[in-house]
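Residues in the sequence shown are numbered consecutively from 383, following this note's numbering.
The beta carbon of each residue, even a glycine, is placed where N, CA and C say it ideally should be.
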Amino acid sequence: MTTIRAPSTDAVALAVQRLRAGELVGFPTETVYGLGADAANAQAVVKLFAIKGRPANHPVIVHLASTADLDRWARRIPPAARLLIEKFTPGPLTLILPKSVHVPDVVTGGQGKVGLRFPSHKLAQRLLREFGGGIAAPSANRFGRVSPTTAQHVADEFGDELPLILDGGPCDVGIESTIIDFTRGAAVLLRPGGVSTTQLAEVLGYAPLPQTARSPRVSGGLPSHYAPKTETQLVKPFAIAQAYRTAARAGRRVGVLARSAVRFDDFKGVWRQAGPEWSSYARVLYAELRLLDAAGMDLILVEEPPAAVDWLAVNDRLTRATHREQR
Ligand code: TXA
Ligand code: MG
């Protein structure tokens, strides 16, 4: 049976006990819920990969309570990385740094670099402090699927396979952390996320460089990821009504995730509204995709957000959620 536990001293103590015993625990962060394991316990991390269905060569992020732990997990930390840490952590930012010797290979997918993150969610911090070590955690969804932003989403993903989930309420940011690689000279953006590239550029003095083919593996970097099971299409605001009518004529049930578009009179389906700003949109995006996916539709139409730089992380997720070739 899965137990979802509200925050309490007992619940945190139980989670710590499970982690120390090499078991997995679902827990909230400000971005999305994580599926946690003791990062120093290779066998526990292997369990993570198994339950998630993730290929072994994909690394997982290590979550830490305090930046004082930084030098125990990473080495040769460049000043620019320390600057970002000072400015944006705790918060939705992950740094890729050369790993220190004791980080198990399974955590880094066999690479010499480790991803470190300092979540700002109070319950995550409490868990990390009480646990006293690093918690390796991918997003708590099955590989390739939509990330969870509530404890119930996590329970929906894993059922009985995950006995304990700490409930910290709905996630505030709603999409994953920004990942910056500091192992190749200039800062490289591996995944846009909760900290915008504009914010990063203000501190770095330049916009983080785009990823190249030689960049390390980022599973969120696969063309099809964050994907609902239902066919999902991105549609320009002005084209929604027509796309709907074409599908409806073919007898298809249609769900719409709108941002600026207004529901039209002949629409018979599930109409959801998100936005209008990138941050308010990101906060509800995954929950809305899950809701539409569970509504028994044949087609989900997502109104394309603006192509503006602020919307980079949201557009990245939507492009992957609607990519179909490799499904
Ligand atoms: O917001 C987040 O980052 C959430 C919460 C739970 O912290 N976590 C998350 O984890 O999104 P995950 O595993 O779903 O995505 C992390 C991405 C993966 O694509 C992984 O390949 C990449 O980070 N990553 C982790 N460690 C890495 C490393 N050492 N080098 C390169 N990429 C790494
Ligand atoms: Mg993920």
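R387 (DSSP reduced to helix, strand or coil): By 1-based counting over the sequence shown, the position of residue 387 is 5. Note: R387 maps to strand in three-state DSSP.
Practice problem: Flag this pair as yes or no: are the beta carbons of Y415 and P530 separated by less than 8 Å? | Solution: Within the sequence shown, residue 415 is the residue found at index 33, counting from 1. Within the sequence shown, residue 530 is the residue found at index 148, counting from 1. Taking a C-beta distance under 8 Å as the contact criterion, Y415 and P530 qualify as a contact pair.
- Task: Give the secondary structure of P480 by DSSP, where H, G and I count as helix, E and B as strand, and everything else as coil.
- Result: Locating residue 480 in the sequence shown gives position 98, where the first residue counts as 1. In the three-state reduction of the DSSP assignment, P480 falls in the strand class.
ask   = Are the beta-carbon atoms of T579 and P590 separated by less than 8 Å?
value = Position 197 of the sequence shown holds residue 579. Position 208 of the sequence shown holds residue 590. The answer is yes: Cβ separation under 8 Å.
> Are P486 and V427 closer than 8 Å when you measure CB to CB?
Replying inline: Indexing the sequence shown from 1 puts residue 486 at position 104. Indexing the sequence shown from 1 puts residue 427 at position 45. Yes; because the gap between Cβ atoms is below 8 Å, this pair is in contact.
| request: Tell me, to the nearest whole angstrom, how far the beta carbon of A393 is from that of L548; I am working on the premise that it is less than 8 Å. | output: Sequence index remark: in the sequence shown, residue 393 carries index 11 (1-based). Sequence index remark: in the sequence shown, residue 548 carries index 166 (1-based). With a Cβ gap of about 6 Å, A393 and L548 count as contacting.
(message) Rounding to the nearest angstrom, what Cα-Cα distance links A679 and E670 in this structure?
(response) Here residue 679 corresponds to residue number 297 of the sequence shown, with the count starting at 1. Here residue 670 corresponds to residue number 288 of the sequence shown, with the count starting at 1. The sequence as given places Met at residue 679; Ala does not occur at that position. Their backbone Cα atoms lie some 13 Å apart in a straight line.
Keeping to the same chain, check which residues put their C-beta closer than 6 Å to that of R709; ignore five residues upstream and five downstream. Along the sequence shown, read from residue 1 onward, the residue named residue 709 stands at position 327. Residue placement at R709 is flagged as unreliable, the pLDDT there being 40, under the threshold of 50; the coordinate-derived value follows with that caveat. Once the five neighbours on either side are set aside, the close Cβ partners of R709 are S606.
Opposing strand residues paired with Q624 [DSSP bridges]: Here residue 624 is taken as the residue at index 242 of the sequence shown, counted from 1. Q624 is not bridged to any residue.
Assign V555 to one of three DSSP states: helix, strand, or coil. Taking the first residue of the sequence shown as 1, we reach residue 555 at position 173. Correct three-state label for V555: coil.
If we count the other Cβ atoms within 10 Å of its Cβ and call it buried at 16 or more, is A568 buried or exposed?
The residue you call residue 568 lines up with position 186 of the sequence shown. Answer is exposed; the Cβ neighbour count stays below 16.
**Message:** Looking at R702: is its Cβ nearer than 8 Å to the Cβ of Y608?
**Reply:** Residue 702 sits at position 320 when you count from the first residue of the sequence shown. Residue 608 sits at position 226 when you count from the first residue of the sequence shown. Yes, the pair counts as a contact, with Cβ atoms nearer than the cut-off.
F564 and A462: beta carbons closer than 8 Å?
The residue you call residue 564 lines up with position 182 of the sequence shown. The residue you call residue 462 lines up with position 80 of the sequence shown. Inclusion of F564 and A462 in the CB contact set at 8 Å is warranted, their separation being smaller than that value.
Q.
Against chain B, with Cβ distances strictly below 8 Å, would L604 count as a contact?
A. Among the chains in the structure shown there is no chain B, since it carries only a single protein chain.
F513 in three-state terms, based on DSSP: Along the sequence shown, read from residue 1 onward, the residue named residue 513 stands at position 131. It is helical.
task = Answer with buried or exposed for A643, where buried requires no fewer than 16 other C-beta atoms within 10 angstroms of its C-beta.
result = Position 261 of the sequence shown, counted from the first residue, corresponds to residue 643. Per the 10 Å Cβ criterion, buried.
Does DSSP classify V488 as helix, strand or coil? Taking the sequence shown and counting its residues from 1, one reaches residue 488 at position 106. Residue state, collapsed to three classes: helix.
When the Cα atoms are used, what is the spatial distance from I443 to A625? To locate residue 443, count along the sequence shown from 1; it is residue 61. To locate residue 625, count along the sequence shown from 1; it is residue 243. Using only the alpha carbons, I get a separation of about 40 Å.
Is it the case that the Cβ atoms of G404 and A522 are separated by a distance below 8 Å?
Position 22 of the sequence shown, counted from the first residue, corresponds to residue 404. Position 140 of the sequence shown, counted from the first residue, corresponds to residue 522. Cβ atoms of G404 and A522: not closer than 8 Å.
Excluding the 5 residues flanking D542 on each side, which residues of the same chain have their C-beta closer than 8 Å to its C-beta? Working through the sequence shown from its first residue, we reach residue 542 at position 160. For D542, where only same-chain residues beyond five positions count, the Cβ hits under 8 Å are M383 and T384.
Report task. Below 8 Å on the Cβ atoms is my guess for G515 versus A422; work out the distance and round it to an integer in Å. Result -> As a first step, residue 515 is located in the sequence shown; it is residue number 133 there, counting from the start. As a first step, residue 422 is located in the sequence shown; it is residue number 40 there, counting from the start. Right, the Cβ-Cβ distance comes to about 6 Å (below 8 Å), so this counts as a contact.
field: Identity of the residues DSSP links to W653 by a beta bridge
entry: Sequence index remark: in the sequence shown, residue 653 carries index 271 (1-based). V638, per the DSSP bridge assignment.
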